[in-house]
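Just remember that my numbering sits 90 ahead of the position in the sequence shown, which is counted from 1.
For each residue, glycine too, the CB sits at the ideal point set by N, CA and C.
Contents: one structure, followed by commentary.
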Amino acid sequence: MPDLTTMPAESKTGQQQGTMGGGETPERLLVTDTRTGKEYQLPISDGTIKSMDLRQIKVSDQDFGLMGYDPAFMNTASCRSKVTFIDGDKGILRYRGYPIDQLAESSSYLEVAYLLMHGELPSSAAMKEWERNITFHTMLHENIKKFMDSFNYDAHPMGMLVSTVGALSTFYPDARDVHNAEARMLQIFRLIGKMPTIAAYCYRHRRGLPYVYPENDLSYTGNFLSMIYKMAEPKYQIDPVLERALDVLFILHADHEQNCSTNVMRSIGSSFADPFVAMAGAAAALYGPLHGGANEEVLLMLNEIGSKDKVGEFIKHVKNGERRLMGFGHRVYKNYDPRAKIIKQTADQVFELTGRNKLLDIALELEHIALEDEYFVKRRLYPNVDFYSGIIYQAMGFPTDAFTVLFAIARTSGWLAQWQEMLMDADQKIARPRQVYLGYDERYYVPRDKRP
Ligand code: SDX
């Protein structure tokens, strides 16, 4: 490890970090270790210091050296990424530089999936090829039906989805060739293509209805709605308002930089496991009520509150720590989640068709009170993406426990874009954090008959 008191550390490419070109002195952090009086200069680049540069700060040659302690990675950059940018204070979200409101207004989910994966918006020819490749992979192996039929009728669809995505790994052993760009892209087509089919099969299994096969002449969300709602009619009549609203919701949920489930996708992927099992892990993380499972929790919470006049009572329980206001707060956004704003606008279009969901009035009253209450203002708690999405999904006819499945369909493109970026990043290695050990020092085994 170079002694940084004299020169900037060199990154793997041998380039001096933190240099501003033209040979100016690179930005550095000056630290003094008061235990030894030694001084160190740690190069600063991209607003960070390299944690490994701390390891040379020791009290003796036998000392392991300093580490950073950061449970839940509150202030740790795990990667350099070009996929998504969030500014939590300003409420900014951009996919590959494009603001989320412009994409929601003018793009489609499949076009956004292409953008996340390839870094640029597609030409017409590229889009046609992309759509054909994904449409070509919407079918599931017939054995998957037998696998899904083995679940109880009331199995939670997220448990079914996580298991089925993992099981797909056994059907596509070629997915293990993670360093082959062509093989990676084939799995990306398969996963983006098959997620709506898996989700629809979960829904149909729950209702004891026959599975509906994908129809390749339909749009991505149109095909999904057909696989969900088609009954005996020869062709499901898709409502264009719902088809577009779902497409917008999928765009809004497509990626969100290093959230919990994406961190899992990158971590599992860093061991070179195949993308099916990595995504099963990511979907499992998303299922948690603090993450993607919050949209289901919001609906349960709104139903429990029951009416606008009971909102004040519920807020009291939140403020005394007994309850969480689900759908509120965010690790990054300390302002209004830009996605929540767009979802609210989309809700109005859906309710024109489906009729207003009375739960919206309770949600609006919750938001109104919370945004003026010191408890929430002080903690900078605002509605996040999950606060209003469930209200729309319910109005569209989806059962509450299917909401996180819808989130998972959309996030598939983000997970895969981040997974691929990780594999192609020369800085990345297998993820293996350190720990601060607080357990026993060495002690000796005591035979059971000698124990107190
Ligand atoms: C998603 O990371 C992402 O990008 C996620 C996501 C994505 O697109 O991938 O945006 C999707 O997961 C959105 C978040 C959905 N989860 C919820 O809505 C669940 C409710 N929200 C929280 O549990 C919480 O806000 C988190 C989990 C979202 C963030 O938690 P943090 O950043 O760890 O904050 P914290 O739990 O440390 O809370 C800080 C303070 C605490 O109060 P004090 O201890 O300081 O007194 O704020 C309070 C918390 O009690 N607080 C809340 C609250 N969220 C935080 N109090 C009441 N209700 C809440 N919802």
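Buried or exposed, going by whether 16 or more other CB atoms sit within 10 Å of the CB of residue i?
{"i": "TYR465", "result": "exposed"}
{"i": "GLU462", "result": "exposed"}
{"i": "ASN165", "result": "exposed"}
{"i": "PHE271", "result": "Reading the sequence as shown, one finds Ala at residue 271 and not Phe. Result: exposed."}
{"i": "GLY283", "result": "buried"}
{"i": "SER213", "result": "exposed"}
{"i": "ARG294", "result": "buried"}
{"i": "GLN192", "result": "exposed"}
If you compare alpha carbons, which of the options is closest to residue i?
{"i": "LYS180", "options": "LYS424, LEU380, SER316, LEU513", "result": "LYS424"}
{"i": "PRO489", "options": "ALA322, THR225, GLN508, GLU386", "result": "GLU386"}
{"i": "GLU455", "options": "LEU443, PRO473, ARG469", "result": "PRO473"}
{"i": "SER351", "options": "GLU210, GLU442, GLU323, GLY378", "result": "GLY378"}
{"i": "ASP399", "options": "LEU449, ARG145, SER361, ASP267", "result": "LEU449"}
{"i": "ARG186", "options": "ALA194, LEU193, VAL173, SER198", "result": "VAL173"}
Closer than 7 Å: is that where the CB of residue i sits relative to any heavy atom of the ligand SDX?
{"i": "CYS350", "result": "yes"}
{"i": "LEU415", "result": "yes"}
{"i": "LEU339", "result": "no"}
{"i": "ALA289", "result": "no"}
{"i": "ARG184", "result": "no"}
{"i": "HIS381", "result": "yes"}
{"i": "ASP160", "result": "no"}
{"i": "LEU471", "result": "yes"}
{"i": "ASP463", "result": "no"}
{"i": "ARG458", "result": "The question names Arg, but residue 458 in the sequence shown is His. No, the beta carbon of HIS458 sits no closer than 7 Å to any heavy atom of the ligand SDX."}
{"i": "GLY480", "result": "no"}
{"i": "GLY181", "result": "no"}
{"i": "ASP476", "result": "yes"}
Chain B beta carbons: is any one of them nearer than 8 Å to that of residue i?
{"i": "THR228", "result": "Looking for chain B here will not work: only one protein chain is present."}
Helix or strand or just coil, what does DSSP make of residue i?
{"i": "ARG170", "result": "coil"}
{"i": "TYR426", "result": "coil"}
{"i": "VAL121", "result": "strand"}
{"i": "ASP244", "result": "coil"}
{"i": "LYS180", "result": "coil"}
{"i": "PHE418", "result": "strand"}
{"i": "LYS448", "result": "coil"}
{"i": "THR228", "result": "coil"}
{"i": "PHE175", "result": "strand"}
{"i": "TYR534", "result": "coil"}
{"i": "LYS545", "result": "Any answer about residue 545 is impossible in this case: the structure gives the chain only from 91 up to 542."}
{"i": "SER135", "result": "strand"}
{"i": "LYS128", "result": "strand"}
{"i": "ILE188", "result": "Correcting the residue identity first, residue 188 is Tyr in this sequence and not Ile. Of the three classes helix, strand and coil, the one that applies to TYR188 here is strand, per DSSP."}
Less than 7 Å between C-beta atoms, sequence neighbours within five positions excluded: which residues of the same chain meet that for residue i?
{"i": "ILE278", "result": "MET207, LEU506"}
{"i": "CYS256", "result": "Strictly speaking, residue 256 in this sequence is Gly, with Cys absent from that position. These residues qualify, in order along the chain: PHE366, VAL367, ALA370."}
{"i": "GLY312", "result": "ILE328, GLU333"}
{"i": "ASN353", "result": "SER168"}
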